[in-house]
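Q: Residues in the sequence shown are numbered from 1 upward in steps of one, following UniProt numbering.
We put the CB at the ideal spot given by N, CA and C, even for glycine.
The following block contains the structure, expressed as structure tokens.
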Amino acid sequence: MNISLMRIDSRLIHGQVMTSWAKTVKCEAIFAISDEVANDDIRRELLLQIVPEHLKGYVITVDKTIKV
1 MNISLMRIDS RLIHGQVMTS WAKTVKCEAI FAISDEVAND DIRRELLLQI
51 VPEHLKGYVI TVDKTIKV
């Protein structure tokens with residue numbers, strides 16, 4: 001998987017911004033990097049629910065991101 005855009009945003013997956021960028025760069029997946037959210041089942045699931053159906057969504061920790 002190629003990285004087509006990397007963006008730092010404290011809102012993680014923000015509906016309008018994320019949808020706009022996803023269309024512009026024609027991405028296949030969206031990754032939210034946050035130790036706090038990745039370790040909180042409820043927050044992680046809520047965040048993943050707003051990812052459009054045609055995209056894959058991931059919420060992962062900083063350490064896992066570095067390893068990948």
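Let me know the secondary structure DSSP gives residue 59 once reduced to three states.
A: Looking at residue 59 - three-state DSSP - the assignment turns out to be strand.
Q: Which residue comes first and which comes last in the beta strand (DSSP E) that contains residue 33?
A: 29–33
Q: Given residue 30, which residues of its chain have a CB within under 8 angstroms of its CB, disregarding the five upstream and five downstream residues?
A: 13, 18, 22, 51, 55, 56, 57 and 58
Q: Could you pull out every residue in the same chain whose Cβ sits closer than 6 angstroms to the Cβ of residue 65, ignoring the five residues on either side in sequence?
A: 33
Q: Note down, in chain order, each residue of its chain lying with its Cβ closer than 7 angstroms to the Cβ of residue 46, except the 5 sequence neighbours on either side.
A: Nothing listed; no residue qualifies.
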